[in-house]
Amino acid sequence: MTGLLASLAARCDGLAMLALAGFMGWLATIGNYWMYLNPKFKPVTLAAAVVLAVLGAYATLRPVARASLGRGLCYLALACLVWFSEGGLQTLSANDDSDVFSVAPSLPPPEIAPVPERLRASGQDYVPINTGELYDVAAKGPGPAFERPYAVRGFVHRSPELDAQGEFVLYRLAVWCCFADGTAVGFRVKTPPGQEPPADKSWVIAYGHLAVIPENDRQDIILPGMSFSSVSAAALLATDTVEAKELIPEETYMFEWRQAEPYAF
1 MTGLLASLAA RCDGLAMLAL AGFMGWLATI GNYWMYLNPK FKPVTLAAAV
51 VLAVLGAYAT LRPVARASLG RGLCYLALAC LVWFSEGGLQ TLSANDDSDV
101 FSVAPSLPPP EIAPVPERLR ASGQDYVPIN TGELYDVAAK GPGPAFERPY
151 AVRGFVHRSP ELDAQGEFVL YRLAVWCCFA DGTAVGFRVK TPPGQEPPAD
201 KSWVIAYGHL AVIPENDRQD IILPGMSFSS VSAAALLATD TVEAKELIPE
251 ETYMFEWRQA EPYAF
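Each residue of the sequence shown is one higher than the last, beginning at 1 in our numbering.
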């Protein structure tokens with residue numbers, strides 16, 4: 001038993017590097033990468049994950065002669081940080097009745113209509129989804145999901161450059177930790193044929209499907225007045241119609257995003 005523990009301890013370095021490489025690979029492919037870094041850095045993260053995986057495999061096959069307690073504690077601390085960042089802190093806070101920031105609301109909750117399974121426009125059904133969830137769908141690349149009809153709501157951003165291309169940006173603010181780290185997540189939207197683009201800063205629902213943006217047409221769009229913004233550079237929303245809606249303040253922010261239906265919308 002002692003020999004087995006010693007063998008595992010000697011391979012701790014390699015196993016930790018393999019675990020970290022796996023987490024980085026997951027984060028950059030199907031995880032919530034944009035909550036940590038700008039998505040344009042995904043290639044760098046994936047390259048680092050590959051290097052770590054190679055070194056980790058080597059360190060596992062050729063373990064160190066003497067295990068280090070200090071390194072082991074560092075790996076444990078890193079694992080705890082990963083767990084906290086991926087929802088552990090929220091879980092602990094939700095179960096802690098002594099949280100000094102937990103204050104009972106003084107006003108009744110707003111009446112928000114439940115999200116239907118489908119939204120209908122121009123005789124067609126669309127899947128309601130928020131910009132963060134659609135961003136994750138687009139990040140996986142072209143596939144059957146690109147052909148699905150989606151209904152997405154958000155704020156409109158227009159500029160002379162976008163107007164010249166018959167496009168505008170649709171975005172919403174994603175909040176993960178606090179309002180100070182709110183990130184504008186959105187898409188370029190192709191204005192429907194024969195329809196005037198919506199007014200700048202208006203609140204609308206766009207109905208359409210994803211389309212790949214050609215390499216020579218991709219660009220980084222920085223939304224004015226936003227500390228952080230992530231506008232998809234590889235995909236846009238080709239719309240069938242755009243519908244102006246009355247803004248309900250509680251719908252401005254995205255506090256939840258899901259990987260499958262029913263989406264948070």
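For every residue, glycine included, the Cβ atom is placed at its ideal position computed from N, Cα and C.
Worksheet item: According to the Cβ coordinates, are Met254 and Arg172 closer than 7 Å?
Response: One thing to note: Met254 has its Cβ within 7 Å of the Cβ of Arg172.
Practice prompt. Return the Cβ separation of Val189 and Glu167 in integer angstroms, given the expectation that the two are a contact with Cβ distance under 8 Å.
Written response: With a Cβ gap of about 6 Å, Val189 and Glu167 count as contacting.
Practice prompt. Would you identify the three-state DSSP class for Ala16, choosing helix, strand or coil?
Written response: Note: Ala16 maps to helix in three-state DSSP.
Discussion item. If you reduce the DSSP assignment to three classes, tell me which class Glu196 lands in.
Written reply: Under the three-state reduction of DSSP output, Glu196 falls in the coil class, being neither helix nor strand.
Practice prompt. May I have the straight-line CA-CA distance separating Leu37 from Ser229, to the nearest angstrom?
Written response: Annotation: Leu37 to Ser229 spans about 11 Å, alpha carbon to alpha carbon.
Discussion item. Here's the rule: buried if 16 or more other CB atoms are within 10 angstroms of the residue's CB, otherwise exposed. What is Pro198?
Written reply: Pro198 should be labelled buried.
Worksheet item: According to DSSP, is Asp240 helix, strand or coil?
Response: DSSP, reduced to helix, strand and coil, places Asp240 within a strand of the structure shown.
Worksheet entry | Alpha carbon of Pro116 to alpha carbon of Asp125, nearest angstrom | It is roughly 11 Å from the alpha-carbon of Pro116 to the alpha-carbon of Asp125.
Discussion item. Am I right that Leu223 and Val231 are in contact with their C-beta atoms under 8 Å? What's the rounded C-beta distance?
Written reply: Confirmed, Cβ separation roughly 7 Å.
Practice prompt. Report all residues from its chain with a CB closer than 8 Å to the CB of Leu27; omit the five preceding and five following residues, and keep chain order.
Written response: Here the set comprises Tyr33, Tyr36, Thr45.
Discussion item. Are the CB atoms of Trp203 and Leu247 within a distance shorter than 7 Å?
Written reply: Yes, they are a contact pair.
Fill in: CA-to-CA distance, Pro193 to Ser85, given in whole angstroms
So the alpha carbons of these two residues sit roughly 43 Å apart.
Worksheet item: Do you know how far the Cα of Phe146 is from the Cα of Thr241?
Response: Between the alpha carbons of Thr241 and Phe146 lies a gap of roughly 17 Å.
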